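Here the structure comes first, spelled out in structure tokens, and everything after it is commentary.
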Amino acid sequence: MKNKVIVTPLVFIISSIIFFINFHHGLNTAVMVQAFQHDQQDFGTTTAAAMMNTRPIIGILAQPTLSGKISRFGKYYIDAAYVKFVESSGARVVPIRFDLPVHQLREYFEQINGLLLPGGAIDLVDNSTHEFTPYLVSQQLFVNWAIEAFHSRQDYFPIWGTCLGMQSLSLILANDPSVMESGFDSENMAIPLDFTMNNQELLYNTRMFSLEYAPLGDMLNLIQTLRTKNVTFNAHKDGIPMDNWLGNEQLRKHVKLLSTNLDRNGRKYASLFEHESYPIYASQFHPEKAIFEWNTEEVINHSYESVTTNTFFGRFFVNECRKNFHRFKSSQAEDAALIYHYTPVYTYELVQDFEQCYFI
Numbered sequence: 011m012k013n014k015v016i017v018t019p020l021v022f023i024i025s026s027i028i029f030f031i032n033f034h035h036g037l038n039t040a041v042m043v044q045a046f047q048h049d050q051q052d053f054g055t056t057t058a059a060a061m062m063n064t065r066p067i068i069g070i071l072a073q074p075t076l077s078g079k080i081s082r083f084g085k086y087y088i089d090a091a092y093v094k095f096v097e098s099s100g101a102r103v104v105p106i107r108f109d110l111p112v113h114q115l116r117e118y119f120e121q122i123n124g125l126l127l128p129g130g131a132i133d134l135v136d137n138s139t140h141e142f143t144p145y146l147v148s149q150q151l152f153v154n155w156a157i158e159a160f161h162s163r164q165d166y167f168p169i170w171g172t173c174l175g176m177q178s179l180s181l182i183l184a185n186d187p188s189v190m191e192s193g194f195d196s197e198n199m200a201i202p203l204d205f206t207m208n209n210q211e212l213l214y215n216t217r218m219f220s221l222e223y224a225p226l227g228d229m230l231n232l233i234q235t236l237r238t239k240n241v242t243f244n245a246h247k248d249g250i251p252m253d254n255w256l257g258n259e260q261l262r263k264h265v266k267l268l269s270t271n272l273d274r275n276g277r278k279y280a281s282l283f284e285h286e287s288y289p290i291y292a293s294q295f296h297p298e299k300a301i302f303e304w305n306t307e308e309v310i311n312h313s314y315e316s317v318t319t320n321t322f323f324g325r326f327f328v329n330e331c332r333k334n335f336h337r338f339k340s341s342q343a344e345d346a347a348l349i350y351h352y353t354p355v356y357t358y359e360l361v362q363d364f365e366q367c368y369f370i
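Put into structure tokens, the structure is as follows:
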């Protein structure tokens, strides 16, 4: 008797849904159904079998406390939302002052499993000299060390930048302070992403939206939400205009621009990227704010759909950091470095940008 091909009701239903959801985004349905069937069998087995660091520690760069209203609490600060963003995704946090001597920054690099560059208001480029400021130079050191380690010893060191952090990484990777411009009308704005790729390209040509991080149906739902719902919160005046991005060879050829957006005046800027070779990622929007910031004057989307969508970026980044195996020299040194030694301060009554801050 010839073998009969049996299509289960579940596969039939899912494939039908996939077809209608993705028809306008360039997916080949046969390819997607095949991926779904493969995904149902193999999802989790490959990643489970891979070596992973199940105790990742991520550094967050502390910035100068610029506001006089909260400067009495400490010289350096970290918005507590970034700490919660990392911790709720399964990692611990080490605060790092940006102005430490280079050898101390290097010691941190060799001991942590990734670095988060937060948003903020500090200058990245000196207006008089047009050179990188000390704050940006400290970030450049980590990027250079990560790239060097990747090539010299196959060391996988992820870096994520949010808002100002994305601008930092763009300037560093472009090696050109002029790629960033001011004057964007993008503060207090919740919008969908304008992806530069169709769904099939996102699934199979990016790390961020690959099936390593979610089953096919879940990933397609995530992408669809990001495409169509006002779930990404923007709060910036500076950004990387598209003309500048395309005009810079390093960005154009070596960084995958995953999405763009328009400000209120129709000015287009880069909003999400990953480096094509290195685990360097950035968003111009603030995924942490949907989960942890509650300013009633801001249009942050706190819906279930928005929260679950934005938590994906934290889980993705932390899982990338699980691929790094740096470690502290001793458990005592590890414990001494953790942010648990600092107490978050309620700052919302003084500065409405943050509910809480750590002062370092």
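Here the working numbering is used: the first residue of the sequence shown is 11, the next is one more, and so on. C-beta: ideal position from N, C-alpha, C; glycine also. These figures come from a predicted structure and were not determined experimentally.
Check	Outcome
Do glutamine 260 and asparagine 185 come within 9 Å of each other at the CB atom, strictly closer than that value?	yes
Whose C-alpha, out of His296, Pro128 and Phe219, is nearest the C-alpha of valine 309?	His296
State the CB to CB distance for the pair leucine 174 and glycine 130, rounded to an integer number of angstroms; the pair is presumed to be in contact (CB under 8 Å).	5 Å
Just to confirm the assignment: which complete beta strand (DSSP E) runs, minimum length 3, are found wholly within the segment 188-214?	196-201
Helix, strand or coil for glycine 69? Go by DSSP, reduced to three states.	strand
Going by beta carbon distance, what residues of the same chain come within less than 6 Å of asparagine 137, once the five residues before and after it are set aside?	none
Using beta carbons (cut-off 9 Å, strictly below), is glutamate 298 in contact with chain D?	Chain labels in this structure do not include chain D; a single protein chain is all it has.
Looking at C-alpha atoms only, which residue of Met61, Ala156 and His246 is the closest neighbour of glutamate 197?	His246
Assuming the contact rule is C-beta atoms closer than 8 Å, isoleucine 250 and glutamine 149 should be a hit. Round their C-beta distance to whole Å, please.	Actually they do not touch by this definition, with Cβ atoms about 16 Å apart.
Does the distance from the C-beta atom of proline 128 to that of isoleucine 70 stay below 9 Å?	yes
Using only CA atoms, which one of Leu76, Phe283 and Asp345 lies nearest to methionine 218?	Phe283
With H, G and I counted as helix, E and B as strand and the rest as coil, what does DSSP make of glutamate 141?	coil
Report all residues from its chain with a CB closer than 6 Å to the CB of leucine 125; omit the five preceding and five following residues, and keep chain order.	Gly69, Phe152 and Ile169
Sorted by chain position, which residues of the same chain lie with C-beta nearer than 6 Å to phenylalanine 327's C-beta, five sequence neighbours on each side aside?	Trp170
Determine the contact status of glutamate 344 and phenylalanine 335, defining contact as a CB-CB distance below 9 Å.	no
Where do the ends of the alpha helix (DSSP H) carrying histidine 351 lie?	Histidine 351 -> no alpha helix (DSSP H), and no H or E assigned at all.
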